[in-house]
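Quick note, the sequence shown lines up with residues 2 to 213 if you use the numbering used here.
Idealized CB from N, CA, C, for every residue including glycine.
Bear in mind that the values here come from a model prediction, so they are computed numbers and not experimental data.
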Amino acid sequence: MNLNSAETINANNLTEKALVELQKGNNEMKEMLKSMDEIKISSNEISKIIKLIEDIAFQTNILSLNAAVEAARAGVAGKGFSVVADEVRNLASKSAEAAKNTTILIDKALSAVSNGIEIADVTASSLSIAVELSQNVSNIMNKITANSNELTVSISQILEGTEQISSVVQTNSATAEESAASSEELSGQATILKEMIEKYNLKRDISLGVDQ
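Below, the structure written as structure tokens:
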């Protein structure tokens with residue numbers, strides 16, 4: 002019984018350790034979800050900034066085109082300004098292209114983050130269920146441990162009572178043997194006494210017969 006109790010306690014300890022690890026994993030998963038949400042928010046903010054850059058690049062490109070047209074109208078006097086306008090337009094185009102590529106990358110990152118959040122949500126839900134189940138198992142194991150301890154105490158009391166009964170029976174048996182021996186001895190003494198009385202009566206009868 003002590004072995005079963007020890008195994009029950011050991012199983013209970015293992016269950017509690019597993020519960021602690023599950024709770025730890027659940028907390029870490031929640032932190033990861035929080036981080037993913039923050040990444041998503043930051044990525045959305047970056048997307049807004051890139052959209053603003055694209056708009057500025059677009060407006061710059063239009064302005065540079067207008068400047069190039071005006072420079073062409075100015076003839077030789079506007080030639081240098083025309084070169085500058087072309088460079089500004091090229092820079093605006095490159096900025097718009099870079100912003101577009103960055104937007105594509107951020108969209109992919111946001112998509113990956115969204116998928117990760119969905120997977121993490123499912124995992125977090127599973128962990129929460131596992132934590133709840135482990136908590137239930139831990140409660141059951143605690144009850145089993147308590148019942149096992151009570152049963153151990155009850156069996157110990159029964160064994161103690163059985164030993165006491167056995168002791169009483171042995172004592173009674175010894176007393177009975179002593180009583181039997183005493184009875185046998187008394188019976189022998191009674192037989193001897195009876196024989197002595199019979200001899201005495203016989204002698205007395207003979208003596209009385211002689212006197213007559």
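- Separation of the CB atoms of S65 and V84 is rounded to 11 angstroms, and the pair is thereby denied contact status at 8 angstroms.
- Nearest Cα to T103 within the set E46, E133, L20: E46.
- Within a 10 Å sphere around the beta-carbon of V132 sit 16 or more other beta-carbons, which makes this residue buried.
- Judged by beta-carbon spacing, T16 lies beyond the 8 angstroms limit of S115, meaning their Cβ atoms are not closer than that value.
- Of all C-beta pairs linking the segment 149-169 to the segment 40-56, fewer than three are shorter than 8 angstroms, placing the two stretches out of contact.
- About 32 angstroms separates the beta carbons of A121 and E55, which is beyond the 8 angstroms limit, so they are not a contact pair.
- Between G79 and E71, the beta carbon gap of about 7 angstroms places them in contact (Cβ cut-off 8 angstroms).
- With a threshold of 16 other beta carbon atoms within 10 Å, L128 meets it and is buried.
- By the 16-neighbour rule on beta-carbons within 10 angstroms, L23 is buried.
- Around the beta carbon of M197, a 10 Å sphere encloses fewer than 16 other beta carbons of the protein chains shown; the residue is thus reported as exposed.
- Along the segment 27-80, the alpha helix (DSSP H) does not occur as any fully enclosed run of 4 or more residues.
- Burial is judged here by how many other beta carbons sit within 10 angstroms of a residue's own beta carbon; N91 has fewer than 16 and is exposed.
- Between D87 and A69, the C-beta spacing is below 8 angstroms.
- The Cβ atoms of A125 and K41 lie no closer than 8 angstroms to each other.
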